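Residue numbers (my numbering), protein chains in the order written: chain A, 16 to 291; chain B, 192 to 318. One structure is given here, and the rest of the page talks about it.
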Amino acid sequence: MSEEAVPEGGSPVRPAHLEIARLWLAARGLTDVPPPLLAARLTARRRARLAASVLLAVFLCAAALVYVSALPIRPADDELGTQRRWALVVLTVLVAGVVLGLSLLDRWVRRVDQQAGAELPRRATHSVRPGWRTVLGVPRAALLAITYAAAAVLALVALTVRDGAAKYAAVILLIGLCGVGAGTAVQLRHVFTHPVVADDEDSLKADFLMRVEDAREVALPTVVWSLPIVSVFDTGLDPWNTGWLVFMILSIIALLLITAWEGRRALAAQHASSAR
Amino acid sequence: MIVIDSASPVPPFEQLRAQLARQIQDRTLAVGTRLPTIRRLAADLGLAVNTVGRAYRELEEAGLIETRGHAGSFVSAAGEEGRERARRAAVEYATVVASIGLDTNEALRIVQAALTKGIAASPSPSP
Numbered sequence: 016m017s018e019e020a021v022p023e024g025g026s027p028v029r030p031a032h033l034e035i036a037r038l039w040l041a042a043r044g045l046t047d048v049p050p051p052l053l054a055a056r057l058t059a060r061r062r063a064r065l066a067a068s069v070l071l072a073v074f075l076c077a078a079a080l081v082y083v084s085a086l087p088i089r090p091a092d093d094e095l096g097t098q099r100r101w102a103l104v105v106l107t108v109l110v111a112g113v114v115l116g117l118s119l120l121d122r123w124v125r126r127v128d129q130q131a132g133a134e135l136p137r138r139a140t141h142s143v144r145p146g147w148r149t150v151l152g153v154p155r156a157a158l159l160a161i162t163y164a165a166a167a168v169l170a171l172v173a174l175t176v177r178d179g180a181a182k183y184a185a186v187i188l189l190i191g192l193c194g195v196g197a198g199t200a201v202q203l204r205h206v207f208t209h210p211v212v213a214d215d216e217d218s219l220k221a222d223f224l225m226r227v228e229d230a231r232e233v234a235l236p237t238v239v240w241s242l243p244i245v246s247v248f249d250t251g252l253d254p255w256n257t258g259w260l261v262f263m264i265l266s267i268i269a270l271l272l273i274t275a276w277e278g279r280r281a282l283a284a285q286h287a288s289s290a291r
Numbered sequence: 192m193i194v195i196d197s198a199s200p201v202p203p204f205e206q207l208r209a210q211l212a213r214q215i216q217d218r219t220l221a222v223g224t225r226l227p228t229i230r231r232l233a234a235d236l237g238l239a240v241n242t243v244g245r246a247y248r249e250l251e252e253a254g255l256i257e258t259r260g261h262a263g264s265f266v267s268a269a270g271e272e273g274r275e276r277a278r279r280a281a282v283e284y285a286t287v288v289a290s291i292g293l294d295t296n297e298a299l300r301i302v303q304a305a306l307t308k309g310i311a312a313s314p315s316p317s318p
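What follows is the structure, encoded as structure tokens:
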């Protein structure tokens with residue numbers, strides 16, 4: 016494939032990546048930012064998101080296999096047998112692998128950012144760094160925290176009041192939640208702390224928008240909604256599983272409302288700035 | 192926004208100090224605003240931690256910011272006092288100019304020269 020050199024001695028960038036960067040900037044009304052500054056960063060993010068999605072999908076499949084491998088379980092069987100203990104050890108190793116994998120992917124994105132920043136003759140940043148409230152937003156942060164907390168409570172209660180297969184499913188769910196929660200925390204920390212890559216006001220705005228998109232992508236609790244399907248729902252639609260379904264549907268509705276509210280607010284801000 | 196220009200002859204710590212001082216003086220950074228941590232700002236600007244630390248130290252010595260232990264650095268109210276001092280000095284100067292019957296344009300040229308001399312002694316920030 017043909018390559019196009021970046022001005023000011025930067026790394027070569029593919030024309031297709033430059034076009035994607037141009038479209039990204041145009042969609043956000045940032046016409047004064049040179050696309051080469053963003054092309055490599057956007058490409059790294061796209062690849063990292065794809066890899067993270069594959070990693071999480073593999074993890075969900077593996078968690079399902081771990082659960083199935085220790086079946087059948089008698090309803091009265093409260094003790095964890097050797098086979099199930101080993102299955103949980105394997106799951107814990109998988110969880111550690113997922114956290115490590117997500118962390119490494121984020122490190123790679125940050126390294127690409129640092130390389131892009133090192134090529135700038137000027138460096139710009141905010142006088143006051145936007146905090147998590149500005150980047151992620153209180154509603155999304157609250158939704159994320161409530162989703163994890165509610166899922167953990169449901170799993171913990173299942174662990175204490177249920178027995179047999181349901182108890183084992185709750186253990187698997189808890190281990191999965193802890194792993195995915197740790198992975199999300201690591202990714203969000205990277206988003207909030209990675210250095211700014213900008214050389215003027217417009218590129219600073221582009222960097223901020225990229226940070227907002229990264230944070231919102233990471234804060235989607237899709238895996239929390241997917242994990243119960245792996246093990247919890249194998250027993251049919253009893254009241255307990257109905258509770259899970261209600262929790263998932265309510266949190267998805269909350270996400271849709273937050274997204275619609277943010278969209279309306281962004282539109283109002285756009286109108287206000289163009290009216291000035 | 193803070194911009195550090197590596198091609199500028201002005202040292203990076205002075206570029207940073209001057210820009211922060213200007214933003215505090217013109218109230219872009221209000222009294223009580225918490226500034227980024229030294230490490231965070233150094234990472235954002237690609238500077239050494241000591242460079243940012245020196246800029247913060249000089250701002251603190253000038254009374255423009257104050258460090259409250261682990262809570263971080265904050266814009267201090269001294270910036271407002273400095274503005275008031277400058278206003279009082281200007282009134283005194285205007286009184287002297289009026290008492291000796293100096294022409295307004297000449298009085299302004301004297302102030303301009305004094306300010307230019309002051310800026311020359313302390314390098315200006317890059318645009």
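Ideal Cβ positions, reconstructed from N, Cα and C, are used throughout, including at glycine. All values reported here derive from a predicted model rather than from experimental measurement.
Interface flag, residue 137 (chain A) vs chain B, CB-CB below 8 Å | yes
Name the chain A residues that come within less than 9 Å of residue 193 (chain B), Cβ to Cβ?
-> In chain order: 138, 139, 140, 141, 142.
Residue 51 (chain A), buried or exposed, once every other Cβ within 10 Å from all chains shown has been counted against 16 = buried
How is residue 134 (chain A) classed by DSSP in three states: helix, strand or coil?
-> Three-state DSSP puts residue 134 (chain A) in coil, outside helix and strand.
With distances taken Cα to Cα, identify the nearest neighbour of residue 33 (chain A) among A:49, A:67, A:237.
-> A:49
Any C-beta of chain A sitting closer than 8 Å to the C-beta of residue 220 (chain B)?
-> yes
Reference residue 221 (chain A); option with closest CA among A:198, A:157, A:147, A:44 = A:44
Taking the alpha-carbon positions, what's the residue 192 (chain A) to residue 158 (chain A) distance?
-> 15 Å
Would a C-beta distance cut-off of 8 Å place residue 63 (chain A) and residue 124 (chain A) closer than the cut-off?
-> yes
Tell me the DSSP bridge mates of residue 225 (chain B)?
-> According to DSSP, which records beta bridges pairwise, residue 225 (chain B) is partnered with B:265.
Helix, strand or coil: how does DSSP classify residue 208 (chain B) here?
-> Looking at residue 208 (chain B) - three-state DSSP - the assignment turns out to be helix.
Would you list, in chain order, the members of the region 234-254 of chain B that have their beta-carbon closer than 9 Å to a beta-carbon of chain A?
-> 234, 235, 236, 237, 238
Kindly list the residues whose CB is nearer than 6 Å to the CB of residue 184 (chain A), restricted to its own chain and excluding five residues on each side of it in sequence; keep chain order.
-> 246, 247
With a CB to CB cut of under 7 Å and the five nearest residues on each side skipped, what residues in its chain are close to residue 209 (chain A)?
-> 125, 128
Count the C-beta pairs between the region 138-146 of chain A and the region 229-243 of chain B that are closer than 8 Å, then say yes if the count reaches three, no if not.
-> yes
Residue 227 (chain B): contacting residues in chain A (beta-carbon distance under 9 Å) | 140, 141, 142, 143, 144
DSSP on residue 222 (chain A), reduced to helix/strand/coil?
-> helix
Please name the residue in A:35, A:235, A:207, A:75 whose C-alpha comes closest to that of residue 244 (chain A).
-> A:75
Contact under 8 Å by Cβ, residue 142 (chain A) with residue 192 (chain B) = yes
Residue range of the beta strand (DSSP E) that residue 208 (chain A) falls in?
-> Unbroken run through residue 208 (chain A) is the alpha helix (DSSP H), 180-208; no beta strand (DSSP E).
Can you list the residues of chain A that residue 214 (chain B) reaches, using a CB-CB cut of under 7 Å?
-> 142
8 Å Cβ cut-off: residues of chain B touching residue 132 (chain A) | 237
Quick one: residues in its chain with C-beta nearer than 8 Å to the C-beta of residue 214 (chain A), no 5 flanking neighbours on either side, listed in chain order?
-> 52, 135, 136, 137, 138, 139
Three-state class that DSSP yields for residue 317 (chain B) in the structure shown = Any reading at residue 317 (chain B) must be qualified, since the residue scores a pLDDT of 40, below 50, and its modelled position is unreliable; no value is offered.
Pick from B:303, B:272, B:244 that is closest to residue 264 (chain B), judged by C-alpha positions = B:244
Name, in chain order, the residues that DSSP records as bridge partners for residue 196 (chain B).
-> Looking at the DSSP assignment, residue 196 (chain B) forms a beta bridge with A:137.
Compute the beta-carbon to beta-carbon distance between residue 155 (chain A) and residue 231 (chain A), rounded to the nearest angstrom, for a pair I have assumed lies under 8 Å.
-> 6 Å
For the region 251-266 of chain B against the region 212-220 of chain B, are there 3 or more C-beta pairs whose distance is under 8 Å?
-> Taking a contact to require three or more Cβ pairs closer than 8 Å, the region 251-266 of chain B and the region 212-220 of chain B qualify as touching.
Looking at C-alpha atoms only, which residue of A:242, A:168, A:163, A:70 is the closest neighbour of residue 79 (chain A)?
-> A:242
Closer than 8 Å, CB to CB, is residue 198 (chain B) near chain A or not?
-> Under the 8 Å criterion on CB atoms, residue 198 (chain B) is classed as interfacial with respect to chain A.
Bounding residues of the alpha helix (DSSP H) (the contiguous stretch that carries residue 237 (chain A)) = It spans 237-246 - the alpha helix (DSSP H) in which residue 237 (chain A) sits, taken as one unbroken run.
Can you find a CB in chain B that lies within less than 8 Å of the CB of residue 227 (chain A)?
-> no
Count the other CB atoms within 10 Å of the CB of residue 210 (chain B); is the residue buried (16 or more) or exposed (fewer)?
-> Residue 210 (chain B) comes out buried.
Kindly say whether residue 277 (chain A), judged by its beta-carbon, lies nearer than 8 Å to any beta-carbon of chain B.
-> no
Rounded C-beta distance between residue 115 (chain A) and residue 67 (chain A)? I'm assuming under 8 Å.
-> With 8 Å as the limit, residue 115 (chain A) and residue 67 (chain A) do not qualify as a contact, their Cβ atoms being about 12 Å apart.
Say whether chain A places a C-beta atom closer than 8 Å to the C-beta of residue 232 (chain B).
-> yes
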